[in-house]
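Novice: Residue numbers for the sequence shown, in the numbering used here: 1 to 345. Ideal Cβ placement from N, Cα and C applies to all residues, glycine included. Dumping the structure here so I can ask a few things about it.
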Amino acid sequence: MTTPATLPASVRPTAPDRLRSLYRSPQPYTSLYLPCGEFADSDPYAAFAQHRGQLTEQGASVDALDALDARLRLPVPDDFGGWALFAADDGSTAVDFAPEGPSTPIMTVGALPMAAPMIEWDQWRVPHVTVSFGAETAEVVLFVPGSEPSLTPLPVDPTAAAKVLRTIATTHQLRLVAIVDEGGDTQGLVDRLRGIVPPRTNVVLLEIDSPATLDDIADETVRYVADVVARDTVRTIEDYRFLQASGHAVEGGDAAFSALASGRGHALLVHDDPNDSARASFGDEPTAVSADYGHFPHVARRADVAIWSAILQGFDVRVIPTTSATGPAENIAVTLVDDDSVDLL
1 MTTPATLPAS VRPTAPDRLR SLYRSPQPYT SLYLPCGEFA DSDPYAAFAQ HRGQLTEQGA
61 SVDALDALDA RLRLPVPDDF GGWALFAADD GSTAVDFAPE GPSTPIMTVG ALPMAAPMIE
121 WDQWRVPHVT VSFGAETAEV VLFVPGSEPS LTPLPVDPTA AAKVLRTIAT THQLRLVAIV
181 DEGGDTQGLV DRLRGIVPPR TNVVLLEIDS PATLDDIADE TVRYVADVVA RDTVRTIEDY
241 RFLQASGHAV EGGDAAFSAL ASGRGHALLV HDDPNDSARA SFGDEPTAVS ADYGHFPHVA
301 RRADVAIWSA ILQGFDVRVI PTTSATGPAE NIAVTLVDDD SVDLL
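If you want it as structure tokens, here you go:
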């Protein structure tokens, strides 16, 4: 079963790559996030067809809707539960898939595409390996952004296997080594690895009853991938708080948009609630943004404007959960790159 842990979506362009390409096409943009696959409660094409008239009323062009119609008639790849589709006014499209989609369809038309969910899908694409370690045979499957999953045999001696895995972990900056006990000296392998892999590589022995199925391995691995993603988010928020204390980060809508407009940002942290009605305005250049929705000629959802500006300026973007007191005010912050950042507070 394909999971966020085993998703080979990284052979496709990243979410920022897709968005940069889409931004070159004319607005408005129609954005769809649809549940799909065998466990979906509704057929994605039927859901789109049912709401096509409403999308037209919201401003979607015939070219955009026809392009989405054509895309939705294509078969869904195996083991995916979420489908993101975007169409610009001229019919240019972008798509992505994820193991899990929204519980109900999300369909919007706006001056910018709804970007945050697709970016968040990328955050789940964690470089990692799964290792099947037996007494007579062993193998490692590598899942790294930018390449197809690959299978390689391993030595069954734990010392020799650990050396091979250390090289893989260092070369590909792995975040997770998940080991399945297939009758080999797995504890010996775990003990040897934990002392030699990079500090951010988590080594775990999967707790799966033998014989393990592929679904068992995938389900258990995704639990640890989720832990990696959560730790990364916590670390991002902690780094932001540290930078904020020294005047190198700002929070809240007004300050964050001032930072984006200054061109001095480094990273955007943003939470996006699809039901949030907050709007911001933007112009033709990525620094032409304002939290005041009447300042520039174009108006879109605040999160989408912030992401548009950040991506086109080359900032990192991290989608975060709503974090109340521990996160940034109004669920948005920008970290900065120069010593004059305090002027934006």
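(1) Write down every uninterrupted run of the beta strand (DSSP E) in the segment 135–199 whose length is 3 residues or greater and which is fully enclosed by it, in chain order.
(2) Quick check for students: name the residue ranges of the beta strand (DSSP E) that lie wholly in the segment 48–100, counting only runs of 3 or more.
(3) Would you identify the three-state DSSP class for residue 240, choosing helix, strand or coil?
(4) Span of the alpha helix (DSSP H) holding residue 260?
(5) Would a C-beta distance cut-off of 8 Å place residue 393 and residue 28 closer than the cut-off?
(6) Specify the secondary structure class of residue 14 as computed by DSSP and reduced to three states.
(7) Where does the unbroken beta strand (DSSP E) through residue 336 begin, and where does it stop?
(8) For the pair the segment 144–164 and the segment 202–221, tell me if three or more CB-CB distances fall below 8 Å.
(9) DSSP on residue 278, reduced to helix/strand/coil?
(10) So residue 106 is in the beta strand (DSSP E); what residue range does that whole segment cover?
(11) Have a look at residue 281 and residue 289 and give me their C-alpha separation to the nearest angstrom.
(12) To which residues does DSSP link residue 30 through a beta bridge?
(13) With a threshold of 7 Å on Cβ separation, who are the neighbours of residue 333 within its own chain once the five nearest residues in sequence on each side are excluded?
(14) Any idea if residue 231 is buried or exposed, counting beta-carbon neighbours within 10 angstroms, 16 or more meaning buried?
(15) Determine the direct distance from the alpha carbon of residue 78 to that of residue 32, and round the result to whole angstroms.
(16) By Cβ distance, which residues of its chain are closer than 6 Å to residue 322, with the 5 residues on each side in sequence left out?
(17) Here's a check: name, in chain order, each residue in its chain whose Cβ is nearer than 8 Å to the Cβ of residue 89, leaving out the five neighbours to either side.
(18) Roughly how many whole angstroms lie between the Cα atoms of residue 17 and residue 286?
(19) Go to residue 305, then tell me how far its beta strand (DSSP E) extends in each direction, as first and last residue.
(20) Which of helix, strand or coil does DSSP assign to residue 329?
(21) Under DSSP, the alpha helix (DSSP H) around residue 122 begins and ends at which residues?
(22) Provide the residue span of the beta strand (DSSP E) that contains residue 265, from first to last.
(23) Is the Cβ-Cβ distance between residue 161 and residue 143 less than 8 Å?
(24) Can you tell me whether residue 167 is buried or exposed? The criterion is at least 16 other CB atoms within 10 Å of its CB, across all chains shown.
(25) Provide the residue(s) that pair with residue 249 in DSSP beta bridges, ordered along the chain.
(26) From which residue to which residue does the beta strand (DSSP E) around residue 318 run?
(27) Can you give me the C-alpha to C-alpha distance between residue 122 and residue 14, rounded to a whole angstrom?
(28) Residue 129: beta carbon under 7 Å from a heavy atom of the ligand GDP?
(29) Cβ of residue 186 within 8 Å of Cβ of residue 196?
(30) Which of the three DSSP states, helix, strand or coil, is assigned to residue 130?
(31) If you run the structure through DSSP and keep just helix, strand and coil, what is residue 205?
(32) Using the rule of at least 16 other Cβ atoms within 10 Å of the residue's Cβ for burial, across every protein chain shown, is residue 101 buried or exposed?
(33) To which residues of the same chain is residue 59 closer than 6 Å at the C-beta, ignoring the five residues directly before and after it?
(34) So, for residue 66: in the same chain, excluding its five sequence neighbours on each side, which residues have a beta-carbon less than 7 Å away from its beta-carbon?
Specialist: Quick look at the numbers:
(1) 138–143, 150–153, 176–182
(2) 82–87, 93–98
(3) Position 240 of the sequence shown holds residue 240. Three-state result, residue 240: helix.
(4) Position 260 of the sequence shown, counting from 1, holds the residue named residue 260. Counting along the chain, the alpha helix (DSSP H) containing residue 260 begins and ends at 253–262.
(5) One cannot answer for residue 393 here, as it falls past the ends of the chain, which runs 1 to 345.
(6) For the purposes of this step, residue 14 is identified with residue 14 of the sequence shown, where counting begins at 1. Three-state DSSP puts residue 14 in coil, outside helix and strand.
(7) Here residue 336 is taken as the residue at index 336 of the sequence shown, counted from 1. Segment 332–336, the beta strand (DSSP E) holding residue 336.
(8) no
(9) Translated into positions along the sequence shown, residue 278 becomes position 278. In the structure shown, residue 278 sits in coil (DSSP, three-state: anything other than H, G, I, E or B).
(10) For the purposes of this step, residue 106 is taken as the residue at position 106 of the sequence shown. Looking at the DSSP string, the run of the beta strand (DSSP E) that includes residue 106 is 106–110.
(11) As a first step, residue 281 must be located in the sequence shown, where it is residue number 281. As a first step, residue 289 must be located in the sequence shown, where it is residue number 289. Their backbone Cα atoms lie some 6 Å apart in a straight line.
(12) Within the sequence shown, residue 30 is the residue found at index 30, counting from 1. The partner list for residue 30 (beta bridge, DSSP) reads 87, 109.
(13) By one-based count along the sequence shown, residue 333 stands at place 333. Within the same chain, residue 333 has close Cβ partners 240, 249, 250, 251, 256, 269.
(14) Numbered from 1 along the sequence shown, position 231 holds the residue referred to as residue 231. Exposed, because fewer than 16 other Cβ atoms sit within 10 Å of the Cβ of residue 231.
(15) Along the sequence shown, read from residue 1 onward, the residue named residue 32 stands at position 32. Along the sequence shown, read from residue 1 onward, the residue named residue 78 stands at position 78. When rounded, the distance between both Cα atoms is 20 Å.
(16) Taking the sequence shown and counting its residues from 1, one reaches residue 322 at position 322. These residues qualify, in order along the chain: 271, 331.
(17) Indexing the sequence shown from 1 puts residue 89 at position 89. Within the same chain, residue 89 has close Cβ partners 25, 26, 27, 28, 29, 61, 63, 64.
(18) Indexing the sequence shown from 1 puts residue 17 at position 17. Indexing the sequence shown from 1 puts residue 286 at position 286. C-alpha separation (whole angstroms): 16 Å.
(19) For the purposes of this step, residue 305 is taken as residue 305 along the sequence shown, with counting starting at 1. It is not in any beta strand (DSSP E) - residue 305 instead sits in the alpha helix (DSSP H) that spans 302–313.
(20) Here residue 329 refers to the residue found at position 329 when the sequence shown is read from its first residue. DSSP places residue 329 in helix when its eight states are reduced to three.
(21) Reading the sequence shown from its first residue, position 122 is the one you call residue 122. It spans 116–123 - the alpha helix (DSSP H) in which residue 122 sits, taken as one unbroken run.
(22) Translated into positions along the sequence shown, residue 265 becomes position 265. 265–270 is the extent of the beta strand (DSSP E) around residue 265.
(23) The residue labelled residue 161 in the question sits at position 161 within the sequence shown. The residue labelled residue 143 in the question sits at position 143 within the sequence shown. No, Cβ-Cβ distance for residue 161 and residue 143 is not below 8 Å.
(24) As a position in the sequence shown, residue 167 is number 167, starting the count at 1. When all chains shown are included, residue 167 counts as exposed.
(25) Locating residue 249 in the sequence shown gives position 249, counting from the first residue. Partner(s): 335.
(26) Position 318 of the sequence shown, counted from the start, is the residue given in the question as residue 318. Segment 316–319, the beta strand (DSSP E) holding residue 318.
(27) Walking along the sequence shown from the start, residue 122 turns up at place 122. Walking along the sequence shown from the start, residue 14 turns up at place 14. For residue 122 and residue 14, the distance between alpha carbons rounds to 7 Å.
(28) You won't find the ligand GDP in this model; it holds no ligand whatsoever.
(29) Here residue 186 is taken as the residue at index 186 of the sequence shown, counted from 1. Here residue 196 is taken as the residue at index 196 of the sequence shown, counted from 1. No, the pair does not count as a contact, with Cβ atoms beyond the cut-off.
(30) As a position in the sequence shown, residue 130 is number 130, starting the count at 1. Note: residue 130 maps to strand in three-state DSSP.
(31) Sequence index remark: in the sequence shown, residue 205 carries index 205 (1-based). The answer is strand: DSSP assigns residue 205 an E or B state.
(32) To locate residue 101, count along the sequence shown from 1; it is residue 101. Classification for residue 101: buried.
(33) Within the sequence shown, the letter at position 59 stands for residue 59. These residues qualify, in order along the chain: 28, 109.
(34) As a position in the sequence shown, residue 66 is number 66, starting the count at 1. Closer than 7 Å at Cβ, skipping near neighbours: 91.
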